[in-house]
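Following: one structure in structure tokens, then a few remarks.
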Amino acid sequence: MKKSTVAIYAVAWLIGVVWILPFIGIFMASIRPFPEIVDGWWQFKEFTLTLVNFAKAWDHSTAPMSRGLFNSMSIVVPATVLTIIIASLGGYAFARFKFRFKEPLFFIIILIMAMSPQAVAIPLTFQMIRLRLIDTQIGLILVHTAWGLPWSMLFLRNFFLSVPEELEEAARVDGASDLTVFRKIVFPIARPAILS
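Here is the structure:
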């Protein structure tokens, strides 16, 4: 093996070890009692394996993880479902239908993807205050949905463009409406893309 290759591997291993050490420290601190890690998690004079720290975090008196998990799920699940529904319908419309301002609208969606959350944080906060959605679950769900829509719509539009139109045309010949075609043919085909 060349010296340059050995040096590259040595540097890569060093970076890997430096990167993973904090994670090992956090893990070791979580599975050992506090008195054992006061002098550093790398001290192994005593080693007692315990899950008490996890139980304490789950039922903590001021900030229980159980409540935090429930709060997160009550925001994430509705936001994800809303994003999937709106993005799949929008992506399908942009992939298959012709309508006025189709290209400019899609360009705006792409521009929104490039916008950083910090750039709109203050105007968004004022808007949420005006709509009385600040400090509400509905407000958070709407914000998460709005931020997830552009990328999801782009992704699903590109997927729908790859679906053969012949499948849809056969259903339309049988008298299916656009919504029926989407619901019974396109959406089931798009399930892998939607789940990803």
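Quick note on numbering that gives the first Met the number 0: the sequence shown kicks off at 0 and runs consecutively.
Virtual Cβ for every residue (Gly too), placed ideally from N, Cα, C.
Note on residue 54: under 16 other CB atoms within 10 angstroms of its CB, so exposed under the neighbour-count rule.
For residue 140, the CB contacts under 8 Å within the same chain, skipping 5 residues up- and downstream, are 74, 77, 78, 81 in chain order.
Contact between residue 114 and residue 153 is ruled out by a C-beta separation of about 14 Å, above the 8 Å threshold. Annotation for residue 179: 170 place their beta carbon closer than 8 Å to its own, counting only its chain and skipping 5 residues before and after. In the assembly as shown, residue 90 is a buried residue. Its beta-carbon has 16 or more other beta-carbons within 10 Å.
Between the alpha carbons of residue 133 and residue 127 lies a distance of about 5 Å. At the C-beta level, residue 86 and residue 160 stay beyond 7 Å of one another. Note on residue 151: 16 or more other CB atoms within 10 angstroms of its CB, so buried under the neighbour-count rule. Listed in chain order, the non-local C-beta contacts of residue 26 below 7 Å within the same chain number zero, local neighbours out to five positions each way being set aside.
Rounded to the nearest whole angstrom, the C-alpha separation of residue 57 and residue 123 is 33 Å. Non-local C-beta neighbours of residue 30 in its own chain, meaning closer than 8 Å and more than five positions away in sequence, comprise 48, 49, 50, 52, ordered along the chain. Rounded to whole angstroms, the separation of the alpha carbons of residue 176 and residue 156 is 20 Å.
Our two residues, residue 40 and residue 8, have alpha carbons roughly 28 Å apart in a direct line. The Cβ atoms of residue 83 and residue 193 lie closer than 7 Å to each other.
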